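Here's the structure, in structure tokens; my notes come after.
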Amino acid sequence: MRPVAEQFPGTSLPRQTAAPRRALGPALWAGLALLLAGCAADESQRSASAWPRPQDSRALLLQLLPAQLPDRAGWATDIYAAFSALQIPPNAYNFCAALAVTEQESGFQADPAVPNLGAIARKEIDERAGRVGVPSLLVSAALQLPSSDGRSYAERIEKARTERQLSDTFEDLIERVPLGQRLFGKLNPVRTGGPMQVSVAWAEQHAERYPYPLDGGVRDAVFSRRGGLYFGIAHLLDYAAPYDRPLYRFADFNAGRWASRNAAFQQALSAASGIPLDPDGDLLRGDGQRGATEAAALAMAPRLGLGEAEVRRALEQGNEAGLERSALYRQVFSLAERQQGRALPRAVLPKIALSGPKISRPLSTQWFAERVQQRWQRCMARAPAGASSPSTASLPEP
Numbered sequence: 213m214r215p216v217a218e219q220f221p222g223t224s225l226p227r228q229t230a231a232p233r234r235a236l237g238p239a240l241w242a243g244l245a246l247l248l249a250g251c252a253a254d255e256s257q258r259s260a261s262a263w264p265r266p267q268d269s270r271a272l273l274l275q276l277l278p279a280q281l282p283d284r285a286g287w288a289t290d291i292y293a294a295f296s297a298l299q300i301p302p303n304a305y306n307f308c309a310a311l312a313v314t315e316q317e318s319g320f321q322a323d324p325a326v327p328n329l330g331a332i333a334r335k336e337i338d339e340r341a342g343r344v345g346v347p348s349l350l351v352s353a354a355l356q357l358p359s360s361d362g363r364s365y366a367e368r369i370e371k372a373r374t375e376r377q378l379s380d381t382f383e384d385l386i387e388r389v390p391l392g393q394r395l396f397g398k399l400n401p402v403r404t405g406g407p408m409q410v411s412v413a414w415a416e417q418h419a420e421r422y423p424y425p426l427d428g429g430v431r432d433a434v435f436s437r438r439g440g441l442y443f444g445i446a447h448l449l450d451y452a453a454p455y456d457r458p459l460y461r462f463a464d465f466n467a468g469r470w471a472s473r474n475a476a477f478q479q480a481l482s483a484a485s486g487i488p489l490d491p492d493g494d495l496l497r498g499d500g501q502r503g504a505t506e507a508a509a510l511a512m513a514p515r516l517g518l519g520e521a522e523v524r525r526a527l528e529q530g531n532e533a534g535l536e537r538s539a540l541y542r543q544v545f546s547l548a549e550r551q552q553g554r555a556l557p558r559a560v561l562p563k564i565a566l567s568g569p570k571i572s573r574p575l576s577t578q579w580f581a582e583r584v585q586q587r588w589q590r591c592m593a594r595a596p597a598g599a600s601s602p603s604t605a606s607l608p609e610p
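Per this note's numbering, residue 213 is the first one in the sequence shown, and the count goes up by one each step.
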């Protein structure tokens, strides 16, 4: 939690009526000095005890990490470094959140292997070639050219087992072969990587506090263990959200920050307006067109006493912490709860079906979040008693 002074900026005690001043004798001065010294020491002790010692945090991490994990000390060092750089409370509650996502996404592999990756990549190349009108014979000929390591691009793609290997091949192809630039421009089609499978694009937008040199660029950092952990932990924990369970952060990790909060707002808006809405966590369409959530909110605007511009500004806060402070959010929940006769949740799991070249069976954001929640619970069972109480599990405040 923030210090009281930060929670209530500008707050001061009432002024007291001035009393006649009296000189303090030597005994009083000595007593006052001792009192102030004691207060200062007490404050120093409270500040020091508010944050565990690094060695204690790393010891806790070693207790929480899987027992058979190779290089457990190295994993503990990189995870703690991310928590320290981001100033996230280093307790079992938060550590287990990061460990659960890492276990789900990669099984604690810094550069996890992906089944059939070469075939997936070749299909992506052929589809892109078809979209831009490049004949398949020309694509095949270009892929037979020697790459920077002497092997052909086709061979490197076929033998790629990890996303880092494939990403390096595409970077080489885009840089050296004109057809690679035509197919991909400057956009490497490998979009996620590392032990927490974080988005490269997201990492590039949040690299300002990265605590290591970026000599090879953000993409290379994402594919390293320490970089992938830093950006993954930042994406998971380094933002304020009105959640009472880690389950919703796990859903957000998959669907986007604040998606669980937004999905709850969509449910409340649907209840208040009577207009069916999919609680997918997206309040505005990405193409600039008016979506179902925006249309429902605008239909309710006169009833709520809000203008179109105010509604739009509120919905634009779907990707930040301010939405719950908007008049639209507060009034929609107030009306919906009066109509329903009960309190409505401020977070629900977004209903999103997952799709992508690496997904071969029906999966959803709910499935992902619940699987990670189970891993988090097993991790917490390894924590010592009292390692994470509600008072020490706090995350960034708005």
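Just so it is clear, CB atoms sit at the ideal spot from N, CA and C, and this is done for glycine as well. Keep in mind it's a predicted model, so treat the numbers as computed, not measured.
For residue i, name the three-state secondary structure that DSSP assigns.
i: proline 514; result: helix
i: leucine 448; result: helix
i: leucine 527; result: helix
i: proline 238; result: Note that proline 238 has pLDDT 42, beneath the 50 cutoff, so the model's placement of it is unreliable and the number below is only indicative. Helix, per DSSP.
i: leucine 489; result: coil
i: alanine 463; result: helix
i: serine 567; result: coil
i: serine 576; result: strand
i: alanine 593; result: helix
Between residue i and residue j, how many whole angstroms is the CB-CB distance? I'm expecting something under 8 Å.
i: isoleucine 564; j: alanine 467; result: 6 Å
i: serine 359; j: arginine 368; result: 6 Å
i: isoleucine 337; j: valine 351; result: 6 Å
i: alanine 415; j: valine 584; result: No, alanine 415 and valine 584 are not in contact; Cβ-Cβ is about 20 Å, not under 8 Å.
i: leucine 516; j: glutamine 543; result: 5 Å
i: leucine 556; j: alanine 453; result: Contact doesn't hold; Cβ gap of about 17 Å is too wide.
i: serine 318; j: proline 458; result: Going by Cβ atoms, the distance from serine 318 to proline 458 rounds to 19 Å, so no, they are not a contact pair.
i: tyrosine 541; j: phenylalanine 477; result: 6 Å
Given this structure, state the Cα-to-Cα distance separating residue i from residue j, to the nearest angstrom.
i: serine 485; j: tryptophan 588; result: 37 Å
i: alanine 331; j: valine 344; result: 20 Å
i: aspartate 456; j: phenylalanine 382; result: 42 Å
i: proline 282; j: isoleucine 445; result: 20 Å
i: arginine 590; j: glutamine 321; result: 19 Å
i: aspartate 290; j: tyrosine 442; result: 8 Å
i: methionine 592; j: phenylalanine 545; result: 33 Å
i: glycine 598; j: leucine 272; result: 12 Å
i: glutamate 532; j: tryptophan 470; result: 7 Å
i: alanine 384; j: tryptophan 287; result: The question names alanine, but residue 384 in the sequence shown is aspartate. Roughly 30 Å between the two C-alpha positions.
i: glutamine 316; j: alanine 413; result: 21 Å
i: glutamate 498; j: glycine 530; result: According to the sequence as given, residue 498 is glycine; it is not glutamate. Rounded to whole angstroms, glycine 498 to glycine 530 spans 12 Å at the Cα level.
i: serine 482; j: alanine 504; result: 10 Å
i: leucine 527; j: arginine 461; result: 20 Å
i: leucine 535; j: tyrosine 365; result: 47 Å
i: histidine 418; j: arginine 437; result: 17 Å
i: glutamine 299; j: tryptophan 263; result: 10 Å
i: proline 514; j: serine 472; result: 27 Å
i: arginine 594; j: serine 296; result: 22 Å
i: proline 596; j: tryptophan 579; result: 29 Å
i: tyrosine 207; j: arginine 388; result: Absent from the structure is residue 207, since the part of the chain shown begins at 213 and ends at 610.
i: arginine 554; j: leucine 547; result: 11 Å
i: glutamine 552; j: alanine 507; result: 22 Å
i: glutamate 582; j: cysteine 308; result: 14 Å
i: alanine 341; j: leucine 274; result: 48 Å
i: arginine 502; j: glutamate 370; result: 43 Å
i: asparagine 303; j: glycine 440; result: 20 Å
i: leucine 329; j: glutamine 586; result: 28 Å
i: alanine 285; j: arginine 558; result: 39 Å
i: glycine 428; j: glutamine 393; result: 20 Å
i: proline 301; j: tyrosine 424; result: 20 Å
i: aspartate 380; j: glutamate 520; result: 47 Å
i: arginine 524; j: aspartate 361; result: 52 Å
i: glycine 493; j: alanine 279; result: 37 Å
i: aspartate 254; j: histidine 447; result: Because the pLDDT of aspartate 254 is 35, which lies under 50, any placement of that residue in the model is unreliable, and the number read from its coordinates should be weighed accordingly. Approximately 36 Å, taken between the alpha carbons.
Can residue i and residue j be called in contact, C-beta distance under 8 Å?
i: leucine 561; j: alanine 463; result: yes
i: glycine 405; j: valine 434; result: yes
i: leucine 378; j: valine 410; result: no
i: alanine 310; j: leucine 426; result: no
i: proline 491; j: alanine 475; result: yes
i: alanine 539; j: leucine 518; result: yes
i: arginine 376; j: aspartate 323; result: yes
i: tyrosine 167; j: arginine 270; result: No answer is possible for residue 167: it lies beyond the span of the chain, which begins at 213 and ends at 610.
i: valine 346; j: leucine 276; result: no
i: arginine 671; j: asparagine 400; result: Beyond the ends of the chain as shown, which are 213 and 610, falls residue 671; an answer cannot be given.
Whole runs of the alpha helix (DSSP H) within the stretch 324-367, excluding any shorter than 4 residues: 329-344 and 348-355
field: Residue ranges of each alpha helix (DSSP H) within the stretch 387-444, 4 or longer
entry: 390-396, 412-417 and 429-434
Mind listing, in chain order, the continuous alpha helix (DSSP H) runs of no fewer than 4 residues lying wholly within the stretch 274-300? 284-298
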